[in-house]
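Take a look at the structure set out below.
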Amino acid sequence: MQEEELRRGQWLEEEDERLAMIVAISGERRWDALAKDSGLKRSGKSCRLRWLNYLRPNLKHGHITADEERLIIRLQKQFGNKWSKIAKQLPGRTDNEIKNYWRSHLRKKAPVYEQECFEDNTSNSEQKSSISNRATVLNSSNSDDSFSEKGDCYSADSLANEVTLLDGIPSWSYEQSRMEHHMYFCSSNLCSCYAPWTSEDNN
DNA sequence: AATCAGGTCAACCGCAAAGAA
DNA sequence: GTTCTTTGCGGTTGACCTGAT
511 MQEEELRRGQ WLEEEDERLA MIVAISGERR WDALAKDSGL KRSGKSCRLR WLNYLRPNLK
571 HGHITADEER LIIRLQKQFG NKWSKIAKQL PGRTDNEIKN YWRSHLRKKA PVYEQECFED
631 NTSNSEQKSS ISNRATVLNS SNSDDSFSEK GDCYSADSLA NEVTLLDGIP SWSYEQSRME
691 HHMYFCSSNL CSCYAPWTSE DNN
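If you want my numbering, it's the position in the first sequence, counting the first as 1, plus 510.
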């Protein structure tokens, strides 16, 4: 049988529509067969990628929030370049998107943040113990247990690191509704505020 | 206005693992 | 147990965009 020339490069709108339709009918499997059946001059692999990274329902596109950013940094530190694993913790985001975001935004930022963290840690051990307490609360309040492996409680170090990382993210919104500016940890040029500690947190 | 450099992101490639025959 | 096919993953590429000169 004559090998048909496969299209490459950017997808056209009508190709997207056709692919979405055929996936709705056939389901997300047998991509080679699906690609042939669809009449698209695309490889199964290409169809699969397009579907997973762009057409799949409930995908978020663009603007990665500060919440997501800090989660990516933390998970990358925890798992390394296991993008699919990291992506599972960020609903609506694809491994490809996270990988790209890491390479273009965070890879450069992370060492700077870590350095700041190191400097901050060495001068703020009291804050660290307070953060350690908070780490436990953050973990227990996270209803999605896929978020952390069993028994994964963030160390004071990693949490202190995390808080410091956030200092570099102006639009940080993590639990913003619950947070207030905390005077104890706000210095003139490097604000390290996080949620004020309350008796409620200890329950 | 032209061009160059650096950044971004969608798509491709190659490999390995998983599953089917 | 072996071979073939399919799927999933991470790294890389290349087109496009934007800002600086």
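Heads up, the beta-carbon is just placed ideally off N, CA and C, and yes, glycines get one too.
Under a 10 Å Cβ-count criterion, S556 is classified as buried, with 16 or more other Cβ atoms of the shown protein chains found around its own Cβ. Less than 8 Å separates the beta-carbon of I608 from that of I596. Looking only at L616, R517, W521, the smallest Cα-Cα distance to Y564 is reached by W521. Here the alpha carbon of S536 sits roughly 13 Å from the alpha carbon of W561. Here S548 is buried: its Cβ has 16 or more other Cβ atoms, across all protein chains shown, within 10 Å. In this structure, DSSP gives E538 a state outside helix and strand, which the three-state scheme calls coil. Across the structure, K551 and E515 are spaced so that their CA atoms are roughly 7 Å apart.
For K587, the enclosing alpha helix (DSSP H) starts and ends at 576-589.
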